[in-house]
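Everything below concerns the one structure shown next.
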Amino acid sequence: MRQEQGYTLLDTALTATLLCMLLPPALNGITTFYRNNQLATASNAMLGILNTARFEAVSQKKPVSICSGTTQCLTTRDWKNQIIIFTDSNQNGLVDGDDKILLAKNIGNGNSWTWKSFRKRHHLTYKADGMTAALNGTLTDCHEKSSQRAIIVNLAGRPRLEKRSPNKC
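According to this note's numbering, the sequence shown holds residues 331 to 499 in order.
This is the structure in structure tokens:
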């Protein structure tokens with residue numbers, strides 16, 4: 331006589347129980363990994379935008395500003411949706427006169443950066459030598475109401491990334 335092959339109800343119940351116990355911690359780890367990857371991607375993108383603005387100022391030998399907006403700087407220090415880089419010959423943070431928009435970059439996906447400069451301006455200006463126009467400060471990532479990364483721009487114009495403990499933006 332041939333023996334039947336298969337799983338019993340007890341085998342299936344034990345397997346389901348083990349999966350229910352092991353799966354949630356694994357999913358939590360994957361969620362944390364995904365969130366950290368999102369933060370790193372957003373921070374690296376913003377570092378790239380700042381370095382591009384600084385490079386353009388040096389290569390074009392004229393002041394270049396960066397701010398939140400589409401065709402003109404918004405008067406808020408919360409940078410959302412789109413960032414523009416433009417030549418800013420009079421360093422007023424406005425696209426006027428012979429100023430040209432060099433780059434418009436979308437930073438969506440729920441990301442919001444808060445710019446806090448020592449002169450309380452809504453924009454950052456790099457001079458022709460790559461230094462800031464006394465507008466050094468901090469860009470804080472406010473993704474989903476938690477701040478874990480900040481980009482600090484010193485007076486020499488060099489941006490650097492700093493990890494921070496989560497807090498409210």
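Quick reminder that beta carbons are idealized off the backbone N, C-alpha and C, glycines included. This one's a predicted model, so the numbers in the text were calculated from it and none came from an experiment.
For T417, the closest C-alpha among the options Q333, A387, M351 is that of A387.
In this structure, the straight-line span from the alpha carbon of L491 to that of Q335 is close to 59 Å. DSSP, reduced to helix, strand and coil, places P355 within a helical segment of the structure shown. R479 is the residue among C397, L348, R479 whose C-alpha sits nearest the C-alpha of R365. Under the three-pair Cβ rule at 8 Å, the segment 380-399 counts as touching the segment 443-463. Taken atom to atom, the span from the alpha-carbon of G423 to that of L348 is near 60 Å.
The beta carbons of I437 and I413 sit closer together than 8 Å.
The alpha carbon of D408 has as its nearest neighbour, out of N441, L344, D429, the alpha carbon of N441. The alpha-carbon of N466 is positioned some 19 Å away from that of R494. Cβ neighbours of A486 within its own chain (closer than 6 Å, five residues either side excluded): M461. DSSP places L339 in the helix class (H, G or I) of the three-state scheme. Sequence-distant Cβ neighbours of R384 in its own chain, meaning closer than 6 Å and more than five residues away, are Y456, G460, G487. When DSSP states are grouped into helix, strand and coil, C397 belongs to the strand group. Runs of beta strand (DSSP E) with 3 or more residues, each lying fully within the segment 417-441, are found at 431-436, listed in chain order. Beta-bridge partners assigned by DSSP to S447: G467.
Following the DSSP letters along the chain, one finds D408 inside the beta strand (DSSP E) bounded by residues 408-410.
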